[in-house]
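In our numbering, the protein residues as written are 34 to 547.
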Amino acid sequence: MSREKIIVIDFGGQYNQLVARRVRECGVYCEIYSYKTDIEQIKAMEPMGIILTGGPNSCYEEGAPSCSRKLFEMGIPVLGLCYGAQLMTHVLGGRVCKAPVREYGKIEVTVDQSSKLFSNVSEKTICWMSHNDYIEQTAPGFRITAHTPDCPAAAAEWEEQRLYAIQFHPEVLHTQEGSKMLHNFVYQVCGCSGDWRMDFFVENSIRAIREKVGTGKVLCALSGGVDSSVAAVMLAKAVGDQLTCVFVDHGLLRKNEGDEVEEVFGPNGPYNLHFIRVNAQQRFYEKLKGVEEPEQKRKIIGEEFIRVFEEEAKKIGAVDFLVQGTIYPDVVESGLGGESAVIKSHHNVGGLPDYVDFKEIIEPLRDLFKDEVRRAGLELGIPEKLVYRQPFPGPGLGIRIVGEVTPEKVRMVQDADAIYREEIAKAGLDKQIGQYFAALTNMRSVGVMGDERTYDYAVALRAVNTIDFMTAEAAEIPWEVLGRTANRIVNEVKHVNRVLYDCTGKPPATIEFE
Ligand code: XMP
């Protein structure tokens, strides 16, 4: 599948994924690679353009991440952002040094509108700056195209060579006309036509899967989450008859969730994917008996999941392909794309490939960001309710029950959570909040109900706003919504007599309770 491609070269900046997303939002496919990637490899990918990201270093210091001069001599347009702009200047013979005045935050920049990069951009425009160093002298051949009172070369370019350096960050939303600048780079400078469209992607992927699989047998672990659902439906459309989807109900799902997944993907639903539901609830509860330590619970749930799946897979026999719902941020975060450190140690179906007898893995969503996976899901006709589902951890309610898990506690947290979700949806907040749920604390306290003393559990409500789930802030939920939810929970959920709201951000807390 040949398509136009822009390559982002990552120098360790915070916004590398954001740069790629903004380019894709312009309708052009974009991938991130480490600055250590061989230049021949980059050339072989035939990118329409290259973007160098920001980074925490000073480009003139020994050992700082660098790039070869050849990168600028391949005839491929290059846009350097912040560190990338300084590096371009440094490598091509200009001078970068510590700025007399450090710029941080929203700064008004004056741009030269005759530059292709700033075409249709206001002459004075607010941009996001974050730098200690600056370009003191541009490289030979370059002309200055933007400045601020403290930064004489906020942008510079060598139009004939299609080399562009900008000190600020167009990928950050605080740069008011940043999208326009990236759009200009991609279309006016690189000459892209914009062939990254979700309907094409879905159609092409289905065709490519069909070719790859031929008459082979395919196995998929379906969790009911967005990624695995979209992957499964894509496979179903490509090779439905050859596909088997195994859904393990570990008894730690949200209220009615197992049935909801079955309704959509089971024999009465619209898809042809040989759905097998394994009701393994009791097995998981047995294994979790008496276990209190969070990491141990995670391990038990993960291992038991593999055991159950393995047993089902054995019944099917050897398969040719195993489907995984890996998405692009997983690829980048596991160190394969850019420069970021390995962040995730928990995966929903981690370890499966080691236990299933198969020849090859199929990862149809490997190139997509989460919002693109959702768009692909809608394109495939998956119900919105499922497509916009909030993230749910693999170990499920097992890590939302503090301490030992029992079937009774699972019921309590399921009921409380269902009420909370219902009230949040009624208040129209469900699409605004990043993640929200009820957890069962391990605390019992004294209450009074109908003149009787009670000694029951406390439920904690959590709601956070977050972009990347690595940091988060507690959401400010209107008091009447919290009050109504709390009232309903103590009235409707047996053995709960207290409801607390978690006001902590991440850090120092985490989103989940365990
Ligand atoms: P924390 O609690 O680490 O959560 O702030 C960040 C995001 O990751 C999810 N999460 C998990 N997902 N297995 C998963 O598949 C896990 O063990 C796990 N622990 C946390 C959490 O729901 C949130 O979205």
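Just so it is clear, CB atoms sit at the ideal spot from N, CA and C, and this is done for glycine as well.
Quantities reported herein were computed from a predicted structural model and do not represent experimental measurements.
Give the C-beta separation of Met231 and Glu412 to the nearest angstrom, bearing in mind that I take them to be a contact with Cβ-Cβ under 8 Å. Numbered from 1 along the sequence shown, position 198 holds the residue referred to as residue 231. Numbered from 1 along the sequence shown, position 379 holds the residue referred to as residue 412. Indeed they touch by this definition, with Cβ atoms about 5 Å apart.
Gly46: buried (16+ other C-beta within 10 angstroms of its C-beta) or exposed? Reading the sequence shown from its first residue, position 13 is the one you call residue 46. With 16 or more Cβ atoms within 10 Å of its Cβ, Gly46 is classed as buried.
Look up Gln423 in the DSSP assignment and say whether it is helix, strand or coil. If you number the sequence shown from 1, residue 423 lands on position 390. In this structure, Gln423 counts as coil in the three-state DSSP scheme.
Does DSSP put Glu325 in a helix, a strand or coil? Looking up residue 325 in the sequence shown gives position 292. Looking at Glu325 - three-state DSSP - the assignment turns out to be coil, as it is neither helix nor strand.
At 4 residues or longer, and completely inside the stretch 213-255: list those alpha helix (DSSP H) runs for me, N to C. If only complete runs of 4 or more residues are kept, the stretch 213-255 shows the alpha helix (DSSP H) at 231-246, in order along the chain.
Please check the pair Cys115 and Val219, which I expect to be a contact at CB under 8 Å, by giving their CB distance rounded to whole angstroms. In the sequence shown, counting from the first residue as 1, residue 115 sits at position 82. In the sequence shown, counting from the first residue as 1, residue 219 sits at position 186. With 8 Å as the limit, Cys115 and Val219 do not qualify as a contact, their Cβ atoms being about 18 Å apart.
Just to check, is the beta-carbon of Gly211 closer than 7 Å to a non-hydrogen atom of the ligand XMP? Translated into the one-based positions of the sequence shown, residue 211 becomes position 178. Not under cutoff, so the answer is no.
Assess contact between the stretch 438-451 and the stretch 298-312, defined as three or more Cβ pairs (one per stretch) separated by less than 8 Å. Is contact present? no
Grab me the residues of Leu385's own chain with a C-beta within less than 8 Å of its C-beta, minus the 5 sequence neighbours each way, in chain order. By one-based count along the sequence shown, residue 385 stands at place 352. Within the same chain, and ignoring the five residues on either side of Leu385 in sequence, the residues whose Cβ sits closer than 8 Å to its Cβ are Ala254, Ile339, Phe342, Leu355 and Gln357.
Val134, buried or exposed, once every other Cβ within 10 Å from all chains shown has been counted against 16: Here the question's residue 134 lines up with position 101 in the sequence shown. Per the 10 Å Cβ criterion, exposed.
Helix, strand or coil, according to DSSP, for Lys139 in the structure here? Walking along the sequence shown from the start, residue 139 turns up at place 106. Correct three-state label for Lys139: strand.
Outcome for Gly410 when other beta-carbon atoms lying within 10 angstroms are tallied against a minimum of 16: By one-based count along the sequence shown, residue 410 stands at place 377. Buried, because 16 or more other Cβ atoms sit within 10 Å of the Cβ of Gly410.
For Ile415, does the three-state DSSP call read helix, strand or coil? By 1-based counting over the sequence shown, the position of residue 415 is 382. If DSSP states are grouped into helix, strand and coil, Ile415 belongs with coil.
Would Ser261 be called buried (16 or more neighbouring beta carbons within 10 Å of its own) or exposed? Counted from its first residue, the sequence shown places residue 261 at position 228. Counting Cβ neighbours within 10 Å, Ser261 comes out buried, since at least 16 surround it.
Inside the stretch 58-100 only - alpha helix (DSSP H) runs reaching at least 4 residues: 72-77, all fully within the stretch 58-100.
Cα-Cα separation between Glu345 and Glu456, rounded to whole angstroms: Within the sequence shown, residue 345 is the residue found at index 312, counting from 1. Within the sequence shown, residue 456 is the residue found at index 423, counting from 1. Between Glu345 and Glu456, the C-alpha separation is close to 38 Å.
Using only the heavy atoms of the ligand XMP, determine whether one of them is closer than 7 Å to the beta carbon of Phe502. If you number the sequence shown from 1, residue 502 lands on position 469. Within the cutoff, so yes.
Compare the beta carbon distance of Val61 and Ile84 with 8 Å and say whether it is the shorter of the two. Within the sequence shown, numbered from 1, the residue matching residue 61 stands at position 28. Within the sequence shown, numbered from 1, the residue matching residue 84 stands at position 51. Not a contact, by the Cβ cut-off of 8 Å.
If you reduce the DSSP assignment to three classes, tell me which class Glu506 lands in. Taking the sequence shown and counting its residues from 1, the one referred to as residue 506 is at position 473. In this structure, Glu506 counts as strand in the three-state DSSP scheme.
If I measure Cβ to Cβ from Glu210 and keep anything under 6 Å in the same chain, skipping five residues before and after, which residues do I get? What you label residue 210 is simply residue 177 of the sequence shown in a count that begins at 1. Excluding residues within five positions, the ones whose Cβ falls inside 6 Å are Val154 and Thr158.
C-beta atoms of Ala132 and Tyr167 nearer than 8 Å: Along the sequence shown, one-based indexing puts residue 132 at 99. Along the sequence shown, one-based indexing puts residue 167 at 134. Taking 8 Å as the Cβ cut-off, Ala132 and Tyr167 qualify as a contacting pair.
What's the C-alpha gap between Phe175 and Lys330? As a position in the sequence shown, residue 175 is number 142, starting the count at 1. As a position in the sequence shown, residue 330 is number 297, starting the count at 1. Roughly 59 Å between the two C-alpha positions.
What residues are listed by DSSP as bridge partners for Leu515? The residue given as residue 515 occupies position 482 in the sequence shown. Looking at the DSSP assignment, Leu515 forms no beta bridge with any residue, so it has no partner.
Counting Cβ pairs closer than 8 Å, one from the stretch 480-491 and one from the stretch 414-429, do we hit at least three? With the cut-off at 8 Å, the stretch 480-491 and the stretch 414-429 do not touch.
Can you tell me which of the three DSSP states Ile339 falls into? Locating residue 339 in the sequence shown gives position 306, counting from the first residue. Reduced to three states, the DSSP call for Ile339 is helix.
If I measure Cβ to Cβ from Asp535 and keep anything under 6 Å in the same chain, skipping five residues before and after, which residues do I get? Against the sequence shown, residue 535 aligns to sequence position 502. For Asp535, where only same-chain residues beyond five positions count, the Cβ hits under 6 Å are Ala493 and Arg495.
Taking the beta strand (DSSP E) that Phe280 falls in, what are its first and last residues? Taking the sequence shown and counting its residues from 1, one reaches residue 280 at position 247. Start and end: Leu276 to Asp282.
What do you get for Phe233, buried or exposed, if any count of 16 or more other CB atoms within 10 angstroms of its CB means buried? Working through the sequence shown from its first residue, we reach residue 233 at position 200. Exposed: under 16 other Cβ atoms inside 10 Å.
Please name the residue, chosen from Ile309, Gly127, Thr499 and Gly247, that lies closest to Glu190 on a Cα-to-Cα basis. Along the sequence shown, one-based indexing puts residue 190 at 157. Ranking the options by Cα distance to Glu190, first place goes to Gly127.
Considering only heavy atoms of the ligand XMP, does any lie closer than 7 Å to the CB of Gln47? The sequence position of residue 47 within the sequence shown is 14, counting from 1. Answer for Gln47: no, Cβ out of range of the ligand XMP.
With 16 other Cβ atoms within 10 Å as the buried cut-off, status of Ala313: Residue 313 sits at position 280 when you count from the first residue of the sequence shown. With 16 or more Cβ atoms within 10 Å of its Cβ, Ala313 is classed as buried.
Helix, strand or coil at Ile40 [DSSP, three-state]: Here residue 40 refers to the residue found at position 7 of the sequence shown. DSSP places Ile40 in strand when its eight states are reduced to three.
Tell me whether the beta-carbon of Tyr453 lies closer than 8 Å to the beta-carbon of Thr518. Counting from 1 along the sequence shown, the entry for residue 453 is found at position 420. Counting from 1 along the sequence shown, the entry for residue 518 is found at position 485. In contact: Tyr453 and Thr518 (Cβ atoms closer than 8 Å).
Assign Pro80 to buried or exposed, taking buried as 16 or more other Cβ atoms, counted over all protein chains shown, within 10 Å of its Cβ. Position 47 of the sequence shown holds residue 80. Burial call: buried.
Does the beta-carbon of Pro424, which I'm using as the reference point, lie nearer than 7 Å to any heavy atom of the ligand XMP? In the sequence shown, counting from the first residue as 1, residue 424 sits at position 391. Indeed, a heavy atom of the ligand XMP lies less than 7 Å from the Cβ.
Would the stretch 237-250 and the stretch 268-278 be scored as touching if the rule is three or more Cβ pairs under 8 Å? yes
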